[in-house]
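Read left to right, the sequence shown gives residues -9 to 184 (this note's numbering). Down below is the structure, laid out as C-alpha cells.
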Amino acid sequence: MEKFTLLKSTAIPLATENIDTDQIIPARFLKATDKLGFGEQVFKDWRYFNDGNLNPNFVLNNPVFSGSILVAGDNFGCGSSREHAAWALMGYGFKVIISSFFADIFKGNSLNNGLLPIQVTPKYLKALLKEIEANPSSVLVVNLKEQQLLTAVGTSSFDIDPYKKTCLLNGYDDIDFLISKKDKITAFEAQLEY
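Okay, here's the thing in C-alpha cells:
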C-alpha cells in the first residue's frame, strides 16, 4: 500500500445522505476479483444517463470541482459489505472521504485498502460542504500523524484505530505489518524452550 502521511487537496462535495455501497459501485460491476478497474464505474448510475451520456448535473462531472477528497453527506457507505466500494473510490482517485458517519464495514474496508475515512461533526460537515461549494479551489489539509483536518472552516481532530494509523503511515497491509515484526517474532521464538 502507498504510505499516507499528509495530504493537501481540493475536494468534491457530495451532500447526499445515506449513500449506500450499491450507489458507490453497482452490483453488476462486481464480477472482477482484482482491485483494479473499478474507478471507472464509481457512482455509475449517477454519473451517466441510461443512454451512456454523462449526467452534467452530477458533481463528479462538474469541472469546477476536483481533488482527491470526497466530502459526503451523513451515513456514507451503508448497505452491503462489498469491499469493491472502497476499491472503486480509490480507483477514481479519492484518498480521503469525509462524512459525519460511516457504516462500520465500509470504514473497515476503506482502512484495509488505504482509503482514509474521516468522521467530523454534523455541524462541521455542513459548514465544510457550504465552503467547498462556494469556493471550489479551497484546499483541505489532512495530517494523519497529528490526526487533524485543516480547512477554511477550522481545524477538526479525528479518531482512527492506532493499528490502522500505523499501517497507513507505513504503507502496510496486515501482512506487511506482520513481516515488519519478523525480528521480534524470531527473537521471541528463540527464547522458547521446546
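Idealized CB from N, CA, C, for every residue including glycine.
With which residues is I2 paired in a DSSP beta bridge? L60
Which of helix, strand or coil DSSP assigns to V32: coil
I'd like the ranges of any beta strand (DSSP E) spanning at least 3 consecutive residues and lying wholly in the region 41 to 112. 59 to 62, 86 to 89 and 106 to 109
Interface flag, N52 vs chain C, CB-CB below 9 Å: Of the chains in the structure shown, none is chain C; there is only one protein chain.
L134 in three-state terms, based on DSSP: coil
Using DSSP with H/G/I as helix, E/B as strand and the rest coil, what is L159? helix
Under 9 Å, do V32 and L119 count as touching if we go by C-beta distance? no
Does DSSP put L20 in a helix, a strand or coil? coil
Alpha carbon to alpha carbon, how far is F167 from K34? Give it in angstroms, no decimals. 34 Å
Would you kindly report the start and end of the unbroken alpha helix (DSSP H) that includes S170? D164 to S170
Am I right that V132 and L139 are in contact with their C-beta atoms under 8 Å? What's the rounded C-beta distance? 6 Å
Taking a contact to mean a Cβ-Cβ separation below 9 Å, would you say S71 touches I87 in this structure? no
Alpha carbon to alpha carbon, how far is K(-2) from A180? 45 Å
Taking the C-alpha atoms as reference points, what is the distance between P160 and T145? With the sequence shown as reference, residue 160 is identified as Asn, and Pro is not the correct amino acid for it. Near 24 Å, if we compare the C-alpha coordinates of T145 and N160.
Go to T(-5), then tell me how far its alpha helix (DSSP H) extends in each direction, as first and last residue. Note, T(-5): premise wrong, no alpha helix (DSSP H); not H, not E.
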